[in-house]
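UniProt numbering puts the first residue of the sequence shown at 1, with every later residue one more than the last. Every residue, glycine too, gets a C-beta built ideally from N, C-alpha and C.
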Amino acid sequence: MGVFHSTGGQDPAGHEQVVFCQDRHTGLKAIIGIYSTALGPALGGTRFYPYPSEEAALSDVLDLSRGMAYKNALAGLDLGGGKGVIWGDPELGKSEALLRAYGRFVQSLNGRYYTACDVGTYVADMDVIARETRFVTGRSVEHGGAGDSSVLTAWGVFQGMRAAAEHVWGSPTLAGRRVGVAGLGKVGKHLTAHLLDDGASVVATDVNESALRWARETYPQVDLVADTAALIAADIDVYAPCALGGALDDDTVATLRAKVVTGGANNQLAHPGIDKMLADRGILYTPDYVVNAGGVIQVADEIEGFNFERAKLRATRIFDTTREILRLADAEGVPPAAAADRLAERRMAEVGRLRTIHLS
Ligand SMILES: NC(=O)c1ccc[n+]([C@@H]2O[C@H](COP(=O)([O-])OP(=O)(O)OC[C@H]3O[C@@H](n4cnc5c(N)ncnc54)[C@H](O)[C@@H]3O)[C@@H](O)[C@H]2O)c1
């Protein structure tokens, strides 16, 4: 692979470390980005993706590792932000040897970076990587791991949505509200269950027939619509994007009837100006990386020896964090996404500074 020339060009703070890894025999080409270890070892998943170029892989790992630093900071974790990318097709290029080669590179960082699942990598892959490194989370329950992280991701999204409901309607409940869930995958399914338990009505959509069948069979009271456009145009109080990134673009924001947007999907804002557009239309947006942190909270707990109840308690605090961000956004007259960034930066600076107190 090529040589890394500039650490985060547009980012004045920059990344601490970027590591290029190659193993010719297995075909492994990977980049590990460590944005910050101010709060502790960098934690973030490994994305296995057929990037069109090395530049695209590098750009993704730089963005994602920076995002993890902010997410982990606001989740209250003693963990910094990092991410790995494996450049290749996960359907064709994945092998035991390749994953183990990657595990050895993770081990070589000696605990500065912990990996986990991301797009293209699964719990079973983490078990394989764990045969070469101690610094891996998101393993299977049989191997002492936290298992499927979508359980607490959905729980945290639900907590963030409760905080938004309190902010907009005065009470921390979705009872009597109509919520539109886009994407009935792992997160969307669990979220739907929490919403129905709380007394909300749910309207949903998915492009996958088996997800729709699941909804018809499990929750016949959920209304299904043809596509996301129909969901956005529907008479909903809350929009919950739980599919892919970029859910909030100019057209969506212009037509959206919901008063609140809270969902599990990563990178919901299609471009940086969107949060201002949402605010101008009087739509409250809870930043995605704040409300979907339940998954990283779940896998981070594994580092201490996984305890579901302890992790769930921490994910429940996403309610308080969201509430604090919305309060700060109002007080400072900025969109919630900017308020969240400020809070994360403050924690990284204040707690990270403590490392300057010398301990013998
Ligand atoms: N699983 C986690 O712990 C976790 C943690 C943080 C963030 N996220 C994010 O949450 C989102 C959902 O994750 P997941 O684990 O549920 O993934 P998933 O693959 O299980 O579910 C995604 C669902 O969205 C559907 N979908 C795709 N395109 C669609 C479209 N155009 N319209 C409607 N539905 C569509 C898919 O068919 C699938 O059912 C992703 O953006 C993911 O990055 C997940």
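- In the structure shown, Y122 falls within a coil segment according to DSSP collapsed to helix, strand and coil.
- Counting other Cβ atoms within 10 Å of its Cβ, V85 reaches 16 or more and is therefore classed as buried.
- According to DSSP, W87 shares a beta bridge with Y49.
- The secondary-structure analysis by DSSP pairs D330 with nothing; it has no beta-bridge partner.
- Pairing A42 with G81 gives a Cβ-Cβ distance under 8 angstroms.
- By the neighbour-count definition (other C-beta atoms within 10 Å, threshold 16), Q159 is a buried residue.
- Taking a C-beta distance under 8 angstroms as the contact criterion, V157 and V187 qualify as a contact pair.
- Across the structure, A258 and V181 are spaced so that their CA atoms are roughly 12 angstroms apart.
- Contact check for P287 against P336 passes: the beta carbons are separated by less than 8 angstroms.
- DSSP places A215 in the helix class (H, G or I) of the three-state scheme.
- Out of I283, V291 and A130, the CA that lies nearest to the CA of V238 is found in I283.
- In the three-state DSSP reduction, G295 falls in the helix class (H, G or I).
- With respect to the C-alpha of R134, the residue from L269, R24, E302 and L248 having the closest C-alpha is E302.
- Judged by pairs of C-beta atoms under 8 angstroms, the stretch 340-353 touches the stretch 34-41, as three or more such pairs exist.
- The C-beta distance from Q22 to S149 rounds to 29 angstroms, too long to meet the 8 angstroms contact threshold.
- Looking at G305, S59, Q221 and G45, the one whose alpha-carbon comes closest to that of G120 is G45.
- Rounded to whole angstroms, E132 and V179 show a C-alpha spacing of 44 angstroms.
- When the beta-carbon positions are compared, L28 and R47 stay at least 8 angstroms from each other.
- The residue from D206, Y122, L77 and A165 with its alpha-carbon nearest to that of L326 is A165.
- Given a length threshold of 3 residues, the stretch 96-172 has no whole run of the beta strand (DSSP E) inside it.
- Per DSSP, reduced to three states, the secondary structure at F20 is strand.
- The beta carbon of N292 sits closer than 7 angstroms to at least one heavy atom of ligand 1.
- If you draw a straight line from the Cα of F308 to the Cα of P172, it comes to about 24 angstroms.
- Per DSSP, P241 is not a residue of any alpha helix (DSSP H); the beta strand (DSSP E) it occupies stretches across V238 to P241.
- Of all alpha-carbon atoms in P220, G40, L62 and S53, the one lying nearest the alpha-carbon of Q17 is that of L62.
- Distance from the CA of K189 to the CA of L109, rounded to the nearest whole angstrom, comes to 37 angstroms.
- A distance below 7 angstroms between beta-carbons, with the five flanking residues on each side excluded, links A101 to the following residues of its chain, in chain order: D23, T26 and L28.
- Partner residues in the beta bridge of A204, as assigned by DSSP, are V181 and L224.
- Taking every protein chain shown into account, the CB of D78 has fewer than 16 other CB atoms within 10 angstroms, so this residue is exposed.
- G333 is classed as exposed because its beta carbon has fewer than 16 other beta carbons within 10 Å across all chains shown.
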